[in-house]
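For reference, the structure discussed in these notes is given below.
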Amino acid sequence: MDKKIVVVERTYEAPIEKVWEALTNKDQMKQWYFDLDEFKAEVGFKFEFIGATKDGTQYKHLCEVTEVMPQQKLTYSWRYEGYEGITYVTFELFEEVEEKTRLKLTQTGFETFPAIPDFAIHNFEAGWSDFINVSLKGFLEKVTQKK
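Here it is, written out as structure tokens:
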């Protein structure tokens, strides 16, 4: 079976420190990502949150940080309570010229999920595209506005 993978890339007009903080600070994450009770960019840190589909079906996400390279790379596992399978989400940051930052998000391991419609890869592609290209972009524009 072919391995399924989601990749979303975007360059932000924000310094790498601001993007890293948006990816790792729970208070900032709540503004563009999910409502996390706690988050620490530390290997072994476990966190969970509820995410819903467009039709309102809710899934409890169970995650564990597996790799941290400050201001460069963050990886965590991503699975669902009550379902088999595990994927890995990786955020990689690349410093660009003029205080810009390129983010590459990769999620792998979809072939381990059950073949149910909510876990179809196109749903993850759409979800990550919205988070990276709309939610995070808007959040970073707000926090980096020149005063």
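Residue numbers for the sequence shown follow our numbering, beginning at 145 and rising by one.
Glycine included, each C-beta is placed from N, C-alpha and C at the ideal position.
Being a predicted model, the structure only gives us computed values, none of them experimental.
Opposing strand residues paired with residue i [DSSP bridges]
i, result
"Met213", "Lys217"
"Ile294", "A query on residue 294 cannot be resolved here, the shown segment of the chain reaching from 145 to 291 and no further."
"His205", "Phe193 and Tyr224"
"Glu236", "Lys217 and Lys248"
"Tyr156", "Thr245"
"Thr231", "Trp222"
Outcome for residue i when other beta-carbon atoms lying within 10 angstroms are tallied against a minimum of 16
i, result
"Val241", "exposed"
"Ile194", "exposed"
"Ala259", "exposed"
"Ala166", "buried"
"Thr201", "exposed"
"Val151", "exposed"
"Val209", "buried"
"Thr197", "exposed"
C-alpha distance - residue i paired with residue j, whole-angstrom precision
i, j, result
"Phe257", "Lys147", "12 Å"
"Glu236", "Lys170", "18 Å"
"Leu206", "Phe191", "6 Å"
"Glu352", "Phe254", "Here the chain has residues from 145 to 291 only, and residue 352 is not among them."
"Phe275", "Gln172", "13 Å"
"Glu239", "Asp262", "35 Å"
"Thr288", "Tyr232", "29 Å"
"Gly229", "Thr252", "11 Å"
"Lys204", "Thr155", "30 Å"
"Val278", "Gly226", "30 Å"
"Lys184", "Leu249", "19 Å"
"Thr234", "Asp199", "27 Å"
"Asn267", "Ile149", "12 Å"
"Tyr220", "Glu153", "18 Å"
"Val187", "Lys217", "12 Å"
"Gln215", "Phe189", "18 Å"
Practice task
Pair every Cβ in the region 176-192 with every Cβ in the region 272-284, then say whether three or more of these pairs are closer than 8 Å.
Solution key: yes
Problem - Cβ contact (3+ pairs, closer than 8 Å) linking the region 242-253 and the region 146-160 - result: Contact between the region 242-253 and the region 146-160 is present: three or more C-beta pairs spanning the two stretches fall below 8 Å.
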